[in-house]
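Participant:
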């Protein structure tokens, strides 16, 4: 699994002109799934994201109660080393990826996190105002 974590003053996801997820003063988390990922990996990534000391004062979302907006992002596994058209072959197919994104979100919520989400396989408009900006990439 791969996650891009960004500190935001606000972030939202809109699908079909409807805001389906919105947070303020928290973390925007883009999550990609590859073929070898498991539910155990999703739980471990959730722990790392929740405890990541990326917020002001080197604090984590688990310490501050900061909300998280989780958006599935298969393009995190895009490979553009050859030519001009990225290959998506390292990204897991939807039937594999969707339950693992759900497991990631469920693991965050089990830790007490307030989590908003995008909609899997929807055409989403993701808006964010980054703070810092601070961005961390995690690979498990």
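In my numbering, the protein residues as written are 10 to 149.
Where a beta carbon is used, it is the ideal one built from N, C-alpha and C, also for glycine.
All figures in this text were calculated on a predicted structure; none of them were measured in a lab.
1) Just verifying my parser: in three-state terms, what is the DSSP assignment at residue 92?
2) Let me know the secondary structure DSSP gives residue 7 once reduced to three states.
3) Let me make sure I understand the geometry here. Which of 145, 11, 128 has the alpha-carbon closest to that of residue 52?
4) Between 19, 89, 25, which has its C-alpha nearest residue 7's C-alpha?
5) Whose C-alpha, out of 102, 94, 19, is nearest the C-alpha of residue 41?
6) Going by DSSP in three states, residue 115 sits in which element: helix, strand or coil?
7) Would a C-beta distance cut-off of 7 Å place residue 122 and residue 78 closer than the cut-off?
8) Which partner residues does residue 138 have in the DSSP bridge list?
9) Please report the straight-line C-alpha distance between residue 149 and residue 49, rounded to a whole angstrom.
10) Does the separation of the CB atoms of residue 30 and residue 144 fall below 7 Å?
11) DSSP has residue 148 in a bridge; who is on the other side?
Facilitator: Considering the structure as presented:
1) coil
2) Here the chain comprises residues numbered 10 to 149, so residue 7 is not present and cannot be evaluated.
3) 11
4) In the structure displayed, the chain extends from 10 to 149; residue 7 sits before or after that span and is not available.
5) 102
6) helix
7) no
8) 19
9) 11 Å
10) no
11) 11
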